[in-house]
Each structure stands twice: as structure tokens, then as C-alpha cells.
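So the structure is just underneath, and the comments pick up after that.
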Amino acid sequence: MMRRGFLISKKAQEPEVTTIKRANSREEPIRLALEKPGSWPTNVLATNSNCVQFISLLKVTKRSSSLSTGGATTPDGPTHIVTTLPPLNNNEPNTQCLLLQGTKQVILSTPGFPKPLPPPPASPAFRLGPSPGKGMGLFSTRQIKQGEIILWERPLLIMASGIPIAFPASFSEAQRAQHALNDLEFYMETAVSRMKPDRRAAFMGLHNCHKKDGSGPLMGRVRTNGISPASQTKTEVDVKMADHSVVSEHISRLNHSCSPNTQPRFDFATFAHQLYAVRDIAEGEELTLQYVDILVNKTERAENLKPYAVVCTCTACTENPRESDKRRSAIASFMPSVPVWAVNRQLSDDWLIKKSLQILEFIEKEKVEHVAMYNNATATVMDAYICLGDRQNASKWAAKVMIRHRWAEEYKRVEEFLDPDSPAYVQHPLWRLRVDENPTNAKGAMYKLMAEACGPGGVSTMSNGMGLFTFAQGQEIPPETLKKVLAMVKQGK
Ligand SMILES: [Zn+2]
1 MMRRGFLISK KAQEPEVTTI KRANSREEPI RLALEKPGSW PTNVLATNSN CVQFISLLKV
61 TKRSSSLSTG GATTPDGPTH IVTTLPPLNN NEPNTQCLLL QGTKQVILST PGFPKPLPPP
121 PASPAFRLGP SPGKGMGLFS TRQIKQGEII LWERPLLIMA SGIPIAFPAS FSEAQRAQHA
181 LNDLEFYMET AVSRMKPDRR AAFMGLHNCH KKDGSGPLMG RVRTNGISPA SQTKTEVDVK
241 MADHSVVSEH ISRLNHSCSP NTQPRFDFAT FAHQLYAVRD IAEGEELTLQ YVDILVNKTE
301 RAENLKPYAV VCTCTACTEN PRESDKRRSA IASFMPSVPV WAVNRQLSDD WLIKKSLQIL
361 EFIEKEKVEH VAMYNNATAT VMDAYICLGD RQNASKWAAK VMIRHRWAEE YKRVEEFLDP
421 DSPAYVQHPL WRLRVDENPT NAKGAMYKLM AEACGPGGVS TMSNGMGLFT FAQGQEIPPE
481 TLKKVLAMVK QGK
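If you want it as C-alpha cells, here you go:
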């Protein structure tokens, strides 16, 4: 899920902001003063699995999860650095980054980094313009096809979450909130002062909806415009960067919709966001993004949008929201398991395909093609046809996955299934799993054994109390893990 970055719900007074000049060196360590090491080295930023959030500053918690991803609070030495990435001396724009120590090394070790940005198109596919009731927004300048990259953009600024900030024990909650915002504003001043003049002007030109809650002018802009760079957590850099806030000149201008027509994806090799069209977009249409999880119901969305000062008037929020909520809930709770269906003879041969098609219909009706389930349900149909040994239909659905997996959280290798005569079919672990009594390949046999052990619900509890879950289709399981699981199955059943 792509969500907006920083949020603070705490209301406080408009602060006095002091500008502190700093020397522009290539890299500036930040020494975080901890007045009482050990007693108040506390994160004000906490994280959950999907997004970065300022937990309400009222709740100053010491959560180990946020310590591990966000701010290590060593009493000695700097915990964070301000640095410029990529370290290129060409004409490409670069990004000012406030990173946890060590994160930069992980970024530098990304395969291909630093890859130059592709040359910009002769005429951009978008333009900036006024959006009624929403300030400024981005609009398409031509027809855009589903799966196209509308924009490839290197951010102005990336900021880590979990920056440790210490408070004297005597501080009230309101004082802590303000103190944290003042400190963060100071770090932002360091980063923004290092920007080239045109980049700084672009940053200052961004909207700030946090003018009256104690945020300084820079943190206000970060909180209004930041989005999270990574939604998948497959590589070390994805994990390290998941809880960061990325501010960009153009992508940050996208307005919210509960039926967005774009989805950004951060490419670490070029160190840039790619903005995908998730369905066909007409000329002149406003380009939109989801700021919050849009699969929850209308009431919850409205609540989650409050910190962005957004009152959504999209179709899902205004026209028959109860029906829309039902469809969205069905999309969110769909958990297809191909092997479980494949071995369950009580279910019909087309059961999983029908279920998946229904979900795809809901997704297109709700216009939420940016969600991961769009690709997952499409891939499920392809996999179901592979289980049935139907190469013709499987290859047709592989072509759809080829487009829909571009912005999805889960990549799926499907190129080799585009050709119905491809030898890759018989090597696929799901090949004819539904039709053959005994699968022809070893992996298929294991899938079958596991799916049978798990039963039709896809979940089984072993006699030792351990839960055994069927894995998602397409997930690569190391052979050792499979062996272990099979041993458990034999023991438990
Ligand atoms: Zn809406």
C-alpha cells in the first residue's frame, strides 16, 4: 500500500522558527543530544508495517520495532546523516537525504546504482493546473495507456522516520510535541539549505497544510507532501527505506482519490519514483493517488484523511458508499490459494477462476486497479489455468499479468508463459495439479501434499499446536523449508 508519510495529530501552537545557518559540506552528521541517556532516548516516530506515521506525540512509546527500522538511539555519536544522492556530478537533479547511519551504504550497494535517469520525453504526459476545491493538481496532456510510466522523478528530499528526540522528564505532552517538531525543523533546515536554488524553490513551492499545528514551514511541507518510497520488502534496501518520507516536485502534487489512476513505485537503481498509469487515462483527466488505505470503508477513510485536510468527494465516497464498501471489503479479504483449490475435489474446476473474476470485476468497478490484488487475482486466474493444463488460456492471462505486475508489490515472472507452446509450462510446479492424480514434478507433488494436509480452508493446526499455512501461489520456497514443513506434516497428521 502506498500511503502518505508523516502525520501528526497533535495540535500545538504556531512555533517561532529560527533559521540556523550551517556550512554546506558533502555530508553532515547529526548529533542528537540526549539529555538523559537511557531514560528519554525515545522515538517520537513510530512505524507500522505499511507506512510511516507520527504516532500521536502524546504517546511517546519505546517500540522496539521502530527502533530497529527507524532511529537507533546511541547516546554517543551521530545516529543520522544528511547526504546527497546519487553522488553524481552530472546535470541530473539529486536528492537531499536525512538517513539513519548505515542506510546510505545499503543504497550504494543496490545493483546498478547510480543508474542515470531515462531522457525526459519531448513533451510531458502531465501538466500542473488548478483542481477545483483542491488547490493545484496534475492533469494528463494526452491519452495514457494502462501500465505506462507517466513520470520518472528523482525526489527533492527523503527523510527517515524514527529520529530519536530526547525530552526533559518535566516536559508536558504539548511541550514534547513542540520540542520534537522544532528539532525536526532544524534537521530539515540543514537538508533544504543544501539544495540547489531551483530545487529549493520547488520544495518551497509545495503546499503546506500544517500551518497551525506547531510544524515549521519545512516540516509542514514534508508532512503535507511526503509519500513512502517502498511498499514491498523484498530486498535489504526496501526494508531499510520502507519507513521514509519522500518529497518530490511533481508526484507530491497529486491529489487524493479513493479510486486513484496512478501508483508510484520507487526504483532504487535510478533513485527515482516511477509513476504508473494503473488504467487507461483520458486526455485532460486529473491524475490522482491514494493517501490512505482505500480498501477500508468510507467512514474510516474520511477519518484517516483528516490530517491531510482532505474531504473526499470521489464517486466511492458520495454515490452509494454502502455498496462500494461491500465490494472493497470483498477485495481486501480475498486470499486465493491455488494449490488448496487444485486438490479440493469438492470445489468445481472453475471455482477459483470464477472467484477471481468476480474480484477483478469489483476492482474495475471500484476503480482501484492500483491495489496489489489486481495483479494477484489476475495471476491466480493464470495459475488456475496452469493447474488445469490449459496453455491457451494461461498464456492469455500471462499477457495481462505482464502489464498489471508493473506497479504491483509482488513481481511475478511470466514472460516464459506468453507462448502457449513454451516448455516452461511442464516445469511449472502447478502444471496439471488439478487434473493429474500424481503431479509430474517434485515441487508439484509437495504442493499437493501440503495442500491436502492443510485442508480446504488452507490452514491446518498440527497436533503440536503449530499452525501450518498454505503459501501464496508463486511464492518461492527454499527446498530445505519444504522438507521441514513436510516432516511436520508427517509428524502432525
Ligand atoms: Zn473518496
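Oh and the sequence shown: position 303 is 303 in full-length UniProt numbering, straight run, nothing missing.
We put the CB at the ideal spot given by N, CA and C, even for glycine.
Exercise. Taking the continuous alpha helix (DSSP H) assigned at alanine 379, which residues delimit it?
Worked result: 372-387
Exercise. How about valine 310 and alanine 384: do their beta carbons lie closer than 8 angstroms?
Worked result: no
Exercise. At a cut of 8 angstroms, does the stretch 279-299 reach the stretch 200-215 through at least three beta carbon pairs?
Worked result: no
Exercise. What residue from Trp152, Cys387 and Lys354 has the CA that sits closest to threonine 440's CA?
Worked result: Cys387
Problem set entry | Counterpart residues of tryptophan 152 in DSSP-defined beta bridges | Gln274
For this session: Might you give, ordered along the chain, the residues of its own chain that have their beta carbon closer than 6 angstroms to the beta carbon of leucine 360, omitting 5 neighbours on each side?
Result: Ala377
Problem set entry | alanine 487 - DSSP class collapsed to helix/strand/coil | If DSSP states are grouped into helix, strand and coil, alanine 487 belongs with the helices.
Exercise. Quick one: Cα of asparagine 182 to Cα of lysine 306, how far?
Worked result: 23 angstroms
Exercise. For ligand 1, any of its heavy atoms closer than 7 angstroms to the Cβ of alanine 332?
Worked result: no
Exercise. For asparagine 208, which residues of its own chain have a beta-carbon under 6 angstroms away from its beta-carbon, when the five flanking residues on both sides are left out?
Worked result: Cβ within range, chain order: Gly220, Arg221 and Thr224.
Exercise. Which two residues bound the contiguous beta strand (DSSP E) that contains isoleucine 158?
Worked result: Secondary structure note for isoleucine 158: its beta strand (DSSP E) is the uninterrupted segment 157-160.
Exercise. Are at least three pairs of beta-carbons, each pair with one atom in the stretch 146-162 and one in the stretch 123-137, less than 8 angstroms apart?
Worked result: yes
Exercise. Cβ of arginine 432 within 7 angstroms of any heavy atom in ligand 1?
Worked result: no
Exercise. From this set, Ala487, Arg404, Arg434 and Tyr447, which residue's C-alpha is nearest glutamine 146's C-alpha?
Worked result: Arg404
Problem set entry | phenylalanine 271 versus serine 245 - alpha carbon distance | 14 angstroms
For this session: Determine the extent of the alpha helix (DSSP H) in which residue 502 is found, giving its start and end residues.
Result: Beyond the ends of the chain as shown, which are 1 and 493, falls residue 502; an answer cannot be given.
For this session: Output the residue ranges of the beta strand (DSSP E) runs that lie fully inside the stretch 91-178 and measure 3 residues or longer, sorted by chain position.
Result: 95-100, 126-131, 135-140, 149-153 and 157-160
Exercise. CB of serine 422 to nearest heavy atom of ligand 1: below 7 angstroms?
Worked result: no
Exercise. Based on Cα-Cα distance, which residue from Ser348, Thr315, Glu303 and Glu364 lies nearest to isoleucine 331?
Worked result: Glu364
For this session: Please name the residue in Arg406, Ala394 and Thr79 whose C-alpha comes closest to that of glutamate 416.
Result: Ala394
For this session: For my contact list, leucine 114 and proline 86 are in at a C-beta cut-off of 8 angstroms; report their separation, rounded to the angstrom.
Result: Here residue 114 is proline; the residue named in the question, leucine, does not match the sequence. Right, their Cβ atoms sit about 3 angstroms apart.
Exercise. Does the distance from the CB of residue 500 to the CB of alanine 180 come in under 8 angstroms?
Worked result: Outside the displayed span of the chain (1 to 493) sits residue 500, for which this structure offers no information.
For this session: Would you kindly work out how many angstroms separate the C-alpha atoms of glutamine 392 and leucine 347, rounded to a whole number?
Result: If you take the alpha carbons of glutamine 392 and leucine 347, they lie about 23 angstroms apart.
Exercise. Would the beta-carbon of alanine 316 be found less than 7 angstroms away from any heavy atom of ligand 3?
Worked result: This structure lacks ligand 3; its bound ligands are ligand 1.
For this session: Alpha carbon to alpha carbon, how far is lysine 396 from leucine 418? Give it in angstroms, no decimals.
Result: 7 angstroms
Problem set entry | Own chain partners of isoleucine 144 with C-beta closer than 8 angstroms, once the 5 adjacent residues on each side are dropped | Excluding sequence neighbours, isoleucine 144 sits near Ala125, Ile150, Ala277, Asp280 and Ile281.
For this session: Using 7 angstroms as the cut-off, classify the Cβ of serine 324 as near or not near the heavy atoms of ligand 1, replying yes or no.
Result: no
Problem set entry | Proximity test, arginine 221 beta-carbon vs ligand 1 heavy atom, cut-off 7 angstroms | Flag unset: Cβ of arginine 221 not near ligand 1.
For this session: Take the Cβ of lysine 298 as the centre, count every other Cβ of all protein chains shown within 10 Å, and call the residue buried at 16 or more, exposed below.
Result: buried
Exercise. Buried or exposed: where does lysine 448 fall if 16 or more other Cβ atoms within 10 Å of its Cβ makes it buried?
Worked result: buried
Exercise. For arginine 265, which beta-bridge partners are listed by DSSP?
Worked result: Note: arginine 265 sits in a beta bridge opposite Gln274.
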